[in-house]
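K.L.:
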Amino acid sequence: MISEKLREMLVDQIGAEHTAAQRYLAMAAYFARQGLDGWAAFFFRQSEEEREHAMRIVRFLLDVGADLTFPAVPEAQPRFASALEAVQKALAWEQEVTRSFHRMAETALAEKDYTTFQFLQWFIEEQVEEEATMGKLVQIVESGVNLFQAQAALPSE
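In the UniProt record's numbering, the protein residues as written are 1 to 157.
#1: Take every Cβ of the region 57 to 64, pair it with every Cβ of the region 34 to 45, and state whether three or more of those distances are shorter than 8 Å.
#2: Take every Cβ of the region 77 to 89, pair it with every Cβ of the region 118 to 131, and state whether three or more of those distances are shorter than 8 Å.
#3: Would you kindly work out how many angstroms separate the C-alpha atoms of Lys89 and Gln22, rounded to a whole number?
#4: When you compare the region 64 to 74 with the region 9 to 20, are there three or more beta-carbon pairs, one atom per stretch, that lie closer than 8 Å?
#5: Can you tell me the Cα-Cα spacing of Gln13 and Ala54, whole angstroms?
#6: Between His102, Val128, Leu6, which lies nearest to Gly65 when the distance is taken from Cα to Cα?
#7: Nearest to Glu94 by alpha carbon, out of Ala110, Lys136, Arg79?
#8: Just to confirm before moving on: does the CB-CB distance between Gln139 and Phe101 stay below 8 Å?
#9: Mind checking whether Phe42 and Leu147 have CB atoms under 8 Å apart?
#10: Please report how far the alpha carbon of Asp67 lies from the alpha carbon of Ala26, in whole angstroms.
#11: Relative to the C-alpha of Tyr24, which residue among Glu8, Leu10, Val87 is closest?
#12: Need the endpoints of the alpha helix (DSSP H) that Gln139 sits in, please.
Below is the structure:
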């Protein structure tokens with residue numbers, strides 16, 4: 001049985017994943033309005049991926065018999081001062097998500113909840129990829145390359 005503390009942390013993470021989905025949707029809209037369809041498509045995919053992450057947590061909590069609540073998702077505005085601001089925010093958000101999963105893993109280990117600890121390993125590994133991807137996007141934009149031309153270099157998955 002999962003502890004109340006871990007249950008609450010995972011429920012909070014469901015909210016964080018839905019918030020991230022909204023933020024990425026806002027980024028997709030921002031890039032679409034700039035005529036950067038490749039960038040928009042990338043962030044539409046990111047948004048969908050975040051919703052899938054939330055569902056993975058929901059399924060786990062159901063599997064372990066935990067009570068579920070669904071946190072409210074704050075409004076996300078598709079307004080950024082620049083493409084650089086957008087991708088820097090994306091990197092910062094992914095770094096915060098990584099810290100959150102690390103805190104949950106530390107708690108699971110401290111509580112000797114090896115089932116939850118094992119469940120969290122997938123997310124921790126996923127965050128390595130997410131941070132690397134967002135870091136590459138920051139590098140692309142900081143390089144000053146034409147963003148229309150850079151669309152060809154965007155990750156496709």
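For glycine and all other residues, C-beta sits at the position ideal for the given N, C-alpha and C.
P.N.:
According to the data block:
#1: Segments in contact, no.
#2: No, because fewer than three Cβ pairs between the region 77 to 89 and the region 118 to 131 fall closer than 8 Å, the two stretches do not touch.
#3: Reading the sequence shown from its first residue, position 89 is the one you call residue 89. Reading the sequence shown from its first residue, position 22 is the one you call residue 22. Distance between the alpha carbons of Lys89 and Gln22: 13 Å.
#4: yes
#5: For the purposes of this step, residue 13 is identified with residue 13 of the sequence shown, where counting begins at 1. For the purposes of this step, residue 54 is identified with residue 54 of the sequence shown, where counting begins at 1. The straight-line gap from Cα to Cα measures roughly 7 Å.
#6: Here the question's residue 65 lines up with position 65 in the sequence shown. Nearest of His102, Val128, Leu6 to Gly65, Cα basis: Leu6.
#7: As a position in the sequence shown, residue 94 is number 94, starting the count at 1. Minimum Cα distance to Glu94 is reached at Lys136.
#8: Taking the first residue of the sequence shown as position 1, residue 139 is located at position 139. Taking the first residue of the sequence shown as position 1, residue 101 is located at position 101. With contacts defined by Cβ atoms closer than 8 Å, Gln139 and Phe101 do not form a contacting pair.
#9: Taking the sequence shown and counting its residues from 1, the one referred to as residue 42 is at position 42. Taking the sequence shown and counting its residues from 1, the one referred to as residue 147 is at position 147. Contact: no.
#10: Here residue 67 is taken as the residue at index 67 of the sequence shown, counted from 1. Here residue 26 is taken as the residue at index 26 of the sequence shown, counted from 1. Going from the Cα of Asp67 to the Cα of Ala26 covers about 31 Å.
#11: Taking the sequence shown and counting its residues from 1, one reaches residue 24 at position 24. Looking at the Cα atoms, Val87 is the closest of the given residues.
#12: Mapped onto the sequence shown, residue 139 falls at position 139. Counting along the chain, the alpha helix (DSSP H) containing Gln139 begins and ends at 114 to 142.
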